[in-house]
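**Student:** Per numbering that gives the first Met the number 0, residue 0 is the first one in the sequence shown, and the count goes up by one each step.
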Amino acid sequence: MDLPQPALPVLDLANQLTSTQEAQLAQQLHKLEQDTGWKLRVLTQFDQTPGRQVKDYWGLNERSVLMVADPRGGNLLAFNVGDAVREVLPRTFWIELQSRFGNQFYVREHGTHRAIMETVNTLDRCFHQGGCRVVPGLPQEQWILTLVTSILGGFVFGFAGKPRHAEELFNWRWALLISPLWFILFGAFGIGPVVTRTTDWLPLFRNVMGFAAGALLIYLAPISRPVQDPQ
Numbered sequence: 000m001d002l003p004q005p006a007l008p009v010l011d012l013a014n015q016l017t018s019t020q021e022a023q024l025a026q027q028l029h030k031l032e033q034d035t036g037w038k039l040r041v042l043t044q045f046d047q048t049p050g051r052q053v054k055d056y057w058g059l060n061e062r063s064v065l066m067v068a069d070p071r072g073g074n075l076l077a078f079n080v081g082d083a084v085r086e087v088l089p090r091t092f093w094i095e096l097q098s099r100f101g102n103q104f105y106v107r108e109h110g111t112h113r114a115i116m117e118t119v120n121t122l123d124r125c126f127h128q129g130g131c132r133v134v135p136g137l138p139q140e141q142w143i144l145t146l147v148t149s150i151l152g153g154f155v156f157g158f159a160g161k162p163r164h165a166e167e168l169f170n171w172r173w174a175l176l177i178s179p180l181w182f183i184l185f186g187a188f189g190i191g192p193v194v195t196r197t198t199d200w201l202p203l204f205r206n207v208m209g210f211a212a213g214a215l216l217i218y219l220a221p222i223s224r225p226v227q228d229p230q
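1) Hey, N60 and G81 are a contact pair by Cβ (cut 8 Å); roughly how many whole angstroms apart?
2) Buried or exposed: which applies to A114, given that a residue is buried once 16 or more other Cβ atoms fall within 10 Å of its Cβ?
3) From T148 to L201, what does the alpha carbon distance come to, in whole angstroms?
4) For G157, which option in P138, D11 and R172 has the closest C-alpha, if you only look at C-alpha atoms?
5) May I ask you to list the residues that DSSP assigns as paired with F77?
6) If you drop the 5 nearest sequence neighbours on each side, which residues of the same chain put their C-beta closer than 7 Å to that of F100?
7) How about Q47 and N74: are their beta carbons less than 8 Å apart?
8) Who pairs with T43 in a beta bridge, going by DSSP?
9) Which residues does DSSP pair with K30 in a beta bridge?
10) Leaving out five residues on either side along the sequence, give the residues of the same chain with a beta carbon under 7 Å from the beta carbon of P229.
11) Would a C-beta distance cut-off of 8 Å place Q141 and P192 closer than the cut-off?
12) Do you know offhand how far E167's Cα is from N206's?
13) Who are the Cβ neighbours of V133 in its own chain at under 7 Å, not counting the five residues just before and after it?
14) Should F169 and G213 be called a contact, given that it needs their Cβ atoms to be closer than 8 Å?
15) Select from G58, F185 and Q52 the residue whose C-alpha is nearest the C-alpha of L39.
16) Out of G152, R85, G110 and A165, which one is the CA nearest neighbour of C131?
17) What's the C-alpha gap between N83 and M66?
18) With a CB to CB cut of under 7 Å and the five nearest residues on each side skipped, what residues in its chain are close to G209?
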């Protein structure tokens, strides 16, 4: 397959981008390489595919990322990542990036061009800041999941702290004993994904309030005791 010369940073063989979008991406990729030394190249394919030609065509090496957009698979996106890149963007990052922007629901709702542009913008941001452990940004569906786990953590905390006798206001012994469970739900799954992906305080505040509301609801809820049959 004959590829255009000189080498272009974007090969839109599947015609997923307008000429304006393609020019914008090309400029962004050139600037990224000049600013950071990391090479990102974009290939869209469908019927036409250059195969292994792109490695020599773009001179891909350990500091390079090849992003392939192919709508024929279950996920739009695929990545070929150099060894040096994995030191600043780990394997879990690529899995999350692929699942966020390459899934069929996102592509159907926003279009292939938007998925490509947002993926490039995310990589551009991460390379400029020296790497990312997780994908920046908190999608609505992911935040809802963190809110649910925060509320569940509150349920566990509130239930564990319910007084076991009349003189007790809060059962700290049980709350501490079951702390690994409610802390994982609230801390690891409710707060962790939020603070690592966004600096916005609102989703964090909502999750804390969700935890507090869940704990208070269960703490105040009466628990019926089994009725014993008279002897």
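Note that the Cβ used here is the ideal one computed from N, Cα and C, for glycine as well.
**Tutor:** Let me lay it out:
1) In this structure N60 is in contact with G81, their Cβ atoms being roughly 6 Å apart against a cut-off of 8 Å.
2) Classification of A114: buried, given that the 10 Å Cβ count is 16 or more.
3) Approximately 17 Å between the Cα atoms of the pair.
4) Closest by alpha carbon: R172.
5) Per the sequence presented here, residue 77 reads as Ala, with Phe not at that position. The partner list for A77 (beta bridge, DSSP) reads V67.
6) L76, A114, E117 and T118, listed in sequence order.
7) No, they are not a contact pair.
8) Note: T43 sits in a beta bridge opposite D11 and A68.
9) According to DSSP, which records beta bridges pairwise, K30 is partnered with nothing at all.
10) Caution is warranted here: a pLDDT of 49 is assigned to P229, below 50, making its placement in the model unreliable, and no coordinate value can be reported.
11) For Q141 and P192, yes; Cβs fall inside 8 Å.
12) So the two alpha carbons sit approximately 28 Å from each other.
13) So the qualifying residues of the chain are F92, E95, T195 and R196.
14) The beta carbons of F169 and G213 sit no closer together than 8 Å.
15) Answer by Cα proximity: G58.
16) It is R85 whose Cα lies nearest to the Cα of C131.
17) It is Ala, not Asn, that sits at residue 83 in the sequence shown. Cα-Cα distance, rounded: 16 Å.
18) When the five nearest sequence neighbours on each side are left out, the beta carbons in the same chain lying within less than 7 Å of the beta carbon of G209 are those of L146, S149, I150 and G153, in order along the chain.
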